[in-house]
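Participant: Here it is: the structure, laid out below.
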Amino acid sequence: MPRPGRQQSVISGLPRQLSQQLFASATNVKLAADQTLFLAGDSGDGCYRVEKGLLKVTMHSANGDERILAILGPGAIVGELAMLDGLPRSASVVGVRDADLLFISRAKFEDVTRQHPEVFKHLVTLLASRLRETDAVIAAESFLPLRGRVAITLLELADHFGENVGQGRIVIRQKFDQSELAALADIARENVNRILADWKRRKLVSRLSGYYCIENSAALEKEADH
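Start counting the sequence shown at 0; every next residue gets the next number (numbering that gives the first Met the number 0).
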């Protein structure tokens, strides 16, 4: 059974040529790890393209629980929704790794899209793709048990950040703590702790210098399918 799509995938953006046209006169912006780029509710004054590093798109519940909606890597467009509907930011964006970004204001965005209206078509396609991913996430979280959600999260992180170091061991070369895994899987941290303890005991996963390691991908795939 194929793994459901996950919203935390490293999302890419526009075709290279259109992206270059859109950001031709952009301003360079640096964002440190854990630094906030913008918050949900902020004015949508422009959009960004990730040149280097990683960002996370997050939302918080009324009691402060974090949900990570997406991880954005190089090439991803950030904040484009506010450019299309003119409304405030729908989510917060925070640095995961130190990042280099390009920024264009709303005025420049409108100038470029008047000259290149095909940008809108690709942005709509990009947003439709993200909506489909969101639908898959909702379905997975509606029907999968808790350990299935955690397994999918780890396997997807391994797809994007994994390094095969031999003997079937895959090291996820990006540090995530249990709170972040819980936010990605959308379950309580206590459940993540319990599930990981069981998998460590069964030698499905381990921890190496702060990095999670998948020791048995086939067994973890079975956990994701149940």
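Beta carbons are placed, not taken as given, at the ideal position from N, Cα and C, and that holds for glycine. All values derive from a computational prediction rather than experimental measurement.
At a cut of 8 Å, does the segment 20-39 reach the segment 123-131 through at least three beta carbon pairs?
Facilitator: Output reads no: the segment 123-131 does not touch the segment 20-39.
Participant: Determine the burial state of residue 78: buried for a count of at least 16 other Cβ atoms within 10 Å of its Cβ, exposed for fewer.
Facilitator: Locating residue 78 in the sequence shown gives position 79, where the first residue counts as 1. Residue 78 is buried by the Cβ-count criterion.
Participant: Can you tell me whether residue 99 is helix, strand or coil according to DSSP?
Facilitator: For this step, residue 99 is matched to residue 100 along the sequence shown. In the structure shown, residue 99 sits in a strand (DSSP, three-state: E or B).
Participant: Suppose you measure from the CA of residue 217 to the CA of residue 158; what does that come to, to the nearest Å?
Facilitator: By 1-based counting over the sequence shown, the position of residue 217 is 218. By 1-based counting over the sequence shown, the position of residue 158 is 159. Approximately 14 Å between the Cα atoms of the pair.
Participant: Taking just the CA atoms, how far does residue 61 sit from residue 45?
Facilitator: Translated into the one-based positions of the sequence shown, residue 45 becomes position 46. Translated into the one-based positions of the sequence shown, residue 61 becomes position 62. Going by the C-alpha atoms only, they are around 27 Å apart.
Participant: For the beta strand (DSSP E) that contains residue 55, what are its first and last residues?
Facilitator: Taking the first residue of the sequence shown as position 1, residue 55 is located at position 56. That run of the beta strand (DSSP E) goes 54-59.
Participant: Quick check on this structure: which residue in 81, 204 and 34 has the alpha carbon closest to the alpha carbon of residue 153?
Facilitator: Taking the first residue of the sequence shown as position 1, residue 153 is located at position 154. Here the closest residue by C-alpha is 204.
Participant: With C-beta atoms as the reference, is residue 80 less than 8 Å away from residue 91?
Facilitator: For the purposes of this step, residue 80 is taken as the residue at position 81 of the sequence shown. For the purposes of this step, residue 91 is taken as the residue at position 92 of the sequence shown. No. Outside cutoff.
Participant: For residue 187, does the count of other Cβ atoms within 10 angstroms reach 16, so buried, or fall short, so exposed?
Facilitator: Your numbering for residue 187 matches position 188 in the sequence shown. Exposed is the call here.
Participant: Does DSSP classify residue 88 as helix, strand or coil?
Facilitator: Numbered from 1 along the sequence shown, position 89 holds the residue referred to as residue 88. Three-state result, residue 88: coil.
Participant: Specify whether the segment 164-176 and the segment 112-119 touch according to this definition: at least 3 beta carbon pairs, one from each stretch, less than 8 Å apart.
Facilitator: Cβ pair count under 8 Å is below three, so no.
Participant: Please list the terminal residues of the continuous beta strand (DSSP E) segment that includes residue 171.
Facilitator: What you label residue 171 is simply residue 172 of the sequence shown in a count that begins at 1. Residues 169-171.
Participant: On the DSSP letters alone, give me the boundaries of the alpha helix (DSSP H) that residue 162 sits inside.
Facilitator: Indexing the sequence shown from 1 puts residue 162 at position 163. Taken as a continuous stretch (DSSP letters only), residue 162 belongs to no alpha helix (DSSP H), being part of the beta strand (DSSP E) at 161-163.
Participant: Checking 8 Å against the spacing of the C-beta atoms, do residue 31 and residue 97 come in under that value?
Facilitator: Looking up residue 31 in the sequence shown gives position 32. Looking up residue 97 in the sequence shown gives position 98. Yes, the Cβ-Cβ distance between residue 31 and residue 97 is below 8 Å.
Participant: In or out: residue 156 buried (at least 16 other Cβ within 10 Å) or exposed?
Facilitator: Along the sequence shown, read from residue 1 onward, the residue named residue 156 stands at position 157. By the 10 Å Cβ count, residue 156 comes out buried.
Participant: According to the Cβ coordinates, are residue 53 and residue 67 closer than 8 Å?
Facilitator: Residue mapping note: residue 53 aligns to position 54 of the sequence shown, counting from 1. Residue mapping note: residue 67 aligns to position 68 of the sequence shown, counting from 1. Contact: no.
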